[in-house]
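Under my numbering, the first residue of the sequence shown carries the number 224, and numbering increases by one thereafter.
Here a beta-carbon is modelled for each residue, glycine too, at the ideal position from N, C-alpha and C.
No experiment lies behind these values; they were computed from the predicted model shown.
First the structure, in the form of C-alpha cells, and then the observations on it.
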Amino acid sequence: MKVTKKRETEKRLLDIQDIRQEYGLGRQTCYLVLRLMPTVRVGSRYMVRREDLEAYLEQAAREGRDIRAEALAATRRSKTPAGAGGGR
C-alpha cells in the first residue's frame with residue numbers, strides 16, 4: 224500500500240487547536256465533541272485520534288445530526304441537578 228506524502232506528515236493525535244484549524248469547529252463545540260469521544264491526556268491537553276474524529280464526523284454527516292446539539296445534550300445529561308444525591 225502506497226502512503227501519500229500528506230498522510231505521512233499528518234498528525235495522528237489532534238488537540239483542540241488542530242481540530243479548530245482543520246475542521247473549522249468553534250472552541251466550545253470542540254470541547255463538547257471531545258466529551259463524547261475517547262481522548263488521551265498529554266500534559267494539560269486532551270487529544271483525540273484523527274481517525275476517531277473523522278469517523279464520528281462522517282457518521283454525523285451521513286445521518287444529518289447536529290453535533291453541537293448532540294454534545295450539549297450529552298453534557299446536560301451528565302450533570303447532576305442541585306439537591307439530587309450527595310451527602311445525607
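Residue environment for residue 271: buried (at least 16 other C-beta atoms within 10 angstroms of its C-beta).
The criterion of a C-beta distance shorter than 9 Å is not satisfied by residue 298 and residue 248.
In the structure shown, the three-state DSSP call for residue 258 is coil.
Approximately 27 Å separates the beta-carbon atoms of residue 300 and residue 273; this is outside 8 Å, ruling out the contact. The criterion of a C-beta distance shorter than 9 Å is not satisfied by residue 237 and residue 294. Counting along the chain, the unbroken beta strand (DSSP E) around residue 268 starts and ends at 268 to 272. Excluding sequence positions up to five before and after residue 250, its CB lies within less than 7 Å of the CB of 239, 243, all in the same chain and listed in chain order. For the pair residue 268 and residue 286, the Cα-to-Cα distance works out to about 30 Å.
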